[in-house]
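Chains as they are written, first to last, in our numbering: chain A, 114 to 444; chain B, 331 to 724. All C-beta atoms, glycine included, are put in the ideal place defined by N, C-alpha and C. Fair warning: this is a prediction, and the values are worked out from it, not measured in the lab.
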Amino acid sequence: MAVRKPPITTREYWAPGHAACAGCGCATALKLATKAFSEAMEEKYGDPNAFAIAQATGCMEVVSAVFPYTAWKVPWVHVAFENAAAAASGVEAAWKKLGRKGKILAIGGDGGTADIGLQALSGMLERRHNVVYLMYDNEAYMNTGIQRSSSTPYGAWTTTSPPGKYSIGEDKPKKWVALIAAAHQIPYVATASIGNPFDYVRKMKKAAKVDGPAFVQVHCTCPTGWKSPLEKGVEIARLAIETGVWPLFEIENGDFFNIKIQAPGGGAKVKREGGKIVAIEFKKPIEEYLKLQGRFKHLFKRPEAIDELREQIKAMWKVLGVDVYLPKPEE
Amino acid sequence: MPIRTVMKANEAAAWAAKLAKPKVIAAFPITPSTLIPEKISEFVANGELDAEFIKVESEHSAISACVGASAAGVRTFTATASQGLALMHEVLFIAAGMRLPIVIAVGNRSLSAPINIWNDWQDTISERDTGWLQFYAENNQEALDLILIAFKVAEDERVLLPAMVGFDAFILTHTVEPVEIPDQEVVDEFLGEYEPKHAYLDPARPITQGTLAFPAHYMEARYTVWEANENAKKVIDEAFAEFEKKFGRKYSKIEEYRTDDAEIIFVTMGSLAGTVKEYVDHLREKGIKAGAAKLTVYRPFPTEEVRELAKKAKVLALLEKNVTFSVGGALFQDFSRALINQKEKPILVDFILGLGGRDVTFKELDEVLEISKKALAGEEFDEVNWIGLRKEIL
Ligand SMILES: Cc1ncc(C[n+]2csc(CCOP(=O)(O)OP(=O)(O)O)c2C)c(N)n1
Ligand code: SF4
């Protein structure tokens, strides 16, 4: 009987037994990232293990490296919260001097990347280190107990953006770090999601094979911080793509005129010009994404806030060069 | 043959780095240390030093990159001062806790506010509890030598701690003095290749570094940093001895000058030691029984040597270019601790002077002497004395 080749390597680098919450989407993101890296290293250098990780403080760090245990089957170092990119720069420089073939993977959460670590990230990208920076975006500081970050979406509840009489929840639009990274004109920038794992793996492999720096921002669910059902992580992530909340795109060499947008699925109608997506008519309203998460529950009593979020999402797509139509639930 | 030439301490530090052959250097400019990364980039550009020089965007990233490189198993160097060192603060603890033998050259400079680029020791003294070894150079030759020695000690398996070597801003960093540049072969013999046995990021033998430790393990991890500091005392003596054999220059943790029959001993660090020795000569000519002592090693604190020194004097005058508010100077606290349980102990008098580049001349030292004499005569004296303070502008 013919045995089908698994779609991705069965080699494990992030072993089970780590201490992440049940249903943690970020754990899935890291597992897939290391598998993708391994495949890329095998294809590029003939050695699936030719990589090391430098990781920022955050959920994924504390759950994976509790002395005297480790979940890592790959050389791994954690230094502090804001310096994964700088530490990765040092590792990469050392590898260069040691004549070691391979690539460094730097990993940070949205806090460690979009906020406190942005400077180190910018420096690393600008200096053109041979590092892939993976930002796992669970849209808040989860490790310290769900505080807002600059990557927290408008309207979301967090412990520092609580909705109340004078508050809608988080009151600023999400910061788009992928676009900031792309402004460094580095070889490769992409957004990805655990809601589309094949696309994510493809992008991680591409990033890993590029010569020079690459940046991937992966949207990953956090049932604890999002107050969402444990088993619905991938479904929620996919809804973010299908409702327009989370765009999937790639930018090579900082060429903003050539942003490769991916079709969202979920019945969305896509209009292309010269092969490029210029407009998307989404079929599923963003409410379908929001309603599965306790962090947006209060918005349903304030529909004007959801409309505001819709406007922000449209504006963000506009930056990507795409006109979007975002339906309301009744439409 | 070693080359005898003249150079600034910053150049001497860059030469030391070149001779030590680090594989990765990461640095960010700050006065008065800027010349160090400049000179090193020249060495790298000319192919005189085969290293990766990472031109980072901040000191925080400089030390973070050094930690990454050192964790990957290579010899690593950086240079900074003042606010730069302060910006590294968080990562200094991490480097020591991860037992990474990084070496930093520091042009000792004051801290803001007010912003001031001149010399005192507040920057390195403020980092005394990070677990790093601390050496202080009296002159440019010592700056060069102590950096080599710092690598030797830091990388010793009994130690494995990072080390900083301080030399006074401008007084040394920018002042040209005769310096002997040792032969590369002798330095190679002295230092050898750095072969990491505990910190490496090798896919062939993956390890996890920089983990989280629960209360069950944290204290033990910190204790090993303590223990390594203790071990460093012996290792430093050995390194000094070997250095003397190979290079002919003698070092000790505390260098004494005319202390044998002294009643008052002036204790200090860094370039001020030179002035103080001269001042002692001047006092001896007048028949005053004075001596001088210089701490070359401040961390690990040379407790034994301090106790030996204390036996020789009735008054120890501690001359400090740093302040611990409401307490005095750092040396005062450390000397007090070292002597408190000793049966016989001299009187300790603390002098805060030379902050932010204020000159310390014989005039200031005369003030120190007057107060020390009072203490010697059993008269009342202040434990902490600000010397050369311009009260009229307060
Ligand atoms: C300098 C510093 N400030 C604050 C912290 C506390 N801290 C640790 S992790 C964290 C938040 C991490 O958030 P994020 O990067 O989004 O990762 P997540 O926990 O969500 O995975 C914070 C604030 C720290 N470790 N260091
Ligand atoms: S808090 Fe969220 S991100 Fe952190 S481990 Fe739990 S589910 Fe994952």
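Straight-line Cα distance separating residue j from residue i
{"i": "Gly282(A)", "j": "Lys353(B)", "result": "49 Å"}
{"i": "Asp591(B)", "j": "Thr633(B)", "result": "21 Å"}
{"i": "Tyr628(B)", "j": "Ala153(A)", "result": "50 Å"}
{"i": "Ile479(A)", "j": "Pro492(B)", "result": "There is no way to answer for residue 479(A), as the model of chain A reaches only from 114 to 444."}
{"i": "Phe362(A)", "j": "Phe150(A)", "result": "20 Å"}
{"i": "Glu507(B)", "j": "Asp250(A)", "result": "55 Å"}
{"i": "Leu531(B)", "j": "Asn162(A)", "result": "12 Å"}
{"i": "Asp312(A)", "j": "Lys563(B)", "result": "57 Å"}
{"i": "His228(A)", "j": "Ser262(A)", "result": "The identity of residue 228(A) in the sequence shown is Asp, whereas the question assumes His. C-alpha separation (whole angstroms): 7 Å."}
{"i": "Ile447(B)", "j": "Asp459(B)", "result": "23 Å"}
{"i": "Met549(B)", "j": "Met428(B)", "result": "14 Å"}
{"i": "Phe395(A)", "j": "Leu433(A)", "result": "16 Å"}
{"i": "Val516(B)", "j": "Asp160(A)", "result": "40 Å"}
{"i": "Gly138(A)", "j": "Ile307(A)", "result": "7 Å"}
{"i": "Gly203(A)", "j": "Val397(B)", "result": "7 Å"}
{"i": "Phe370(A)", "j": "Ile501(B)", "result": "55 Å"}
{"i": "Thr503(B)", "j": "Ala343(B)", "result": "9 Å"}
{"i": "Pro63(A)", "j": "Ser363(B)", "result": "The question about residue 63(A) has no answer, for chain A in this structure spans 114 to 444."}
{"i": "Ala487(B)", "j": "Arg535(B)", "result": "The sequence given here places Glu at residue 487(B); Ala does not occur at that position. For Glu487(B) and Arg535(B), the distance between alpha carbons rounds to 20 Å."}
{"i": "Glu378(B)", "j": "Lys216(A)", "result": "27 Å"}
{"i": "Ala128(A)", "j": "Tyr246(A)", "result": "21 Å"}
{"i": "Arg351(A)", "j": "Pro630(B)", "result": "57 Å"}
{"i": "Ser442(B)", "j": "Ala411(B)", "result": "12 Å"}
{"i": "Gln168(A)", "j": "Tyr182(A)", "result": "16 Å"}
Neighbour list for residue i in chain A, Cβ cutoff strictly below 7 Å
{"i": "Ala399(B)", "result": "Gly203, Val204, Ala206 and Ala207"}
{"i": "Asp532(B)", "result": "Pro188"}
{"i": "Leu542(B)", "result": "Val175, Ala178, Val179 and Phe180"}
{"i": "Val698(B)", "result": "Per Cβ cutoff of 7 Å: no residues; Val698(B) is ~42 Å from chain A at best."}
{"i": "Gln672(B)", "result": "Residues of chain A passing the Cβ test: none, with the nearest at roughly 40 Å."}
{"i": "Gln471(B)", "result": "Ordered by position in chain A, no residue passes the 7 Å Cβ test against Gln471(B), which lies about 29 Å from the chain."}
For residue j and residue i, believed in contact at Cβ under 8 Å, the rounded distance
{"i": "Gly687(B)", "j": "Asn449(B)", "result": "5 Å"}
{"i": "Lys214(A)", "j": "Tyr158(A)", "result": "5 Å"}
{"i": "Glu252(A)", "j": "Ala233(A)", "result": "The pair is not a contact, with the Cβ atoms about 21 Å apart (cut-off 8 Å)."}
{"i": "Pro332(B)", "j": "Ile511(B)", "result": "6 Å"}
{"i": "Ile370(B)", "j": "Ile355(B)", "result": "6 Å"}
{"i": "Phe358(B)", "j": "Gly414(B)", "result": "6 Å"}
{"i": "Leu238(A)", "j": "Pro326(A)", "result": "5 Å"}
{"i": "Asn366(A)", "j": "Gln298(A)", "result": "6 Å"}
{"i": "Val176(A)", "j": "His131(A)", "result": "5 Å"}
Residues that residue i contacts on chain A, provided the C-beta gap is smaller than 8 Å
{"i": "Met424(B)", "result": "Going by the sequence as given, residue 424(B) is Ile instead of Met. Chain A residues near Ile424(B): Val192 and Ala193."}
{"i": "Val279(B)", "result": "A query on residue 279(B) cannot be resolved here, the shown segment of chain B reaching from 331 to 724 and no further."}
Contacts that residue i makes with chain B (C-beta to C-beta distance below 7 Å)
{"i": "Lys186(A)", "result": "Pro536"}
{"i": "Ala376(A)", "result": "Within 7 Å Cβ-Cβ: nothing; Ala376(A) doesn't reach chain B, min ~37 Å."}
{"i": "Ala169(A)", "result": "Going along chain B, no residue has its Cβ under 7 Å from Ala169(A), so there is no contact; the nearest lies around 11 Å."}
Neighbouring residues, chain A, relative to residue i (Cβ below 9 Å)
{"i": "His547(B)", "result": "Phe180 and Pro181"}
{"i": "Gln452(B)", "result": "Those do not exist, as Gln452(B) stays about 24 Å from chain A at its closest Cβ, beyond 9 Å."}
Per-residue contacts from residue i into chain B (C-beta, under 8 Å)
{"i": "Ala327(A)", "result": "Residues of chain B passing the Cβ test: none, with the nearest at roughly 18 Å."}
{"i": "Ala200(A)", "result": "Ser394, Ala395, Val397, Gly398 and Ala401"}
{"i": "Ala392(A)", "result": "What Ala392(A) touches in chain B: nothing, since even the nearest Cβ is about 39 Å away."}
Contact with chain E by residue i, beta-carbon distance below 7 Å
{"i": "Arg488(B)", "result": "No chain E is part of this structure, whose protein chains are labelled A and B."}
The stretch 133-163 of chain A: positions lying closer than 8 Å to chain B by Cβ: Asp160, Asn162 and Ala163
Contacting positions in the stretch 209-235 of chain A - beta carbon closer than 8 Å to chain B: Lys209, Lys210, Leu211, Arg213, Gly215, Gln232, Ala233 and Ser235
Selection of the stretch 372-402 of chain B by Cβ proximity to chain A, strictly under 9 Å: Asp380, Ala381, Glu382, Phe383, Ile384, Lys385, Val386, Glu387, Ser388, His390, Ser391, Ala392, Ile393, Ser394, Ala395, Cys396, Val397, Gly398, Ala399, Ser400, Ala401 and Ala402
Interfacial residues, the stretch 240-258 of chain A to chain B, with Cβ spacing under 9 Å: Arg240 and His242
Near-chain B residues of the stretch 281-314 of chain A (beta-carbon distance less than 8 Å), N- to C-terminal order: none
At least 3 beta-carbon pairs within less than 8 Å: the stretch 605-614 of chain B vs the stretch 551-566 of chain B: no
Validate contact between the stretch 520-537 of chain B and the stretch 392-408 of chain B using beta carbons, cut 8 Å, 3 pairs: yes
Contact residues within the stretch 344-364 of chain B, judged by C-beta distance below 8 Å to chain A: Lys353, Val354 and Ala356
Within 8 Å of chain A by C-beta, residues of the stretch 401-416 of chain B in sequence order: Ala401, Ala402, Gly403, Val404 and Thr406
The stretch 479-494 of chain B in contact with the stretch 669-688 of chain B per 3-pair CB rule at 8 Å: no
Cβ contact check for the stretch 659-671 of chain B and the stretch 687-707 of chain B: 3 or more pairs under 8 Å: no
Given 8 Å, three or more beta-carbon pairs between the stretch 569-582 of chain B and the stretch 647-656 of chain B: no
Cβ contact check for the stretch 697-709 of chain B and the stretch 666-675 of chain B: 3 or more pairs under 8 Å: no
The stretch 414-425 of chain B in contact with the stretch 613-622 of chain B per 3-pair CB rule at 8 Å: no
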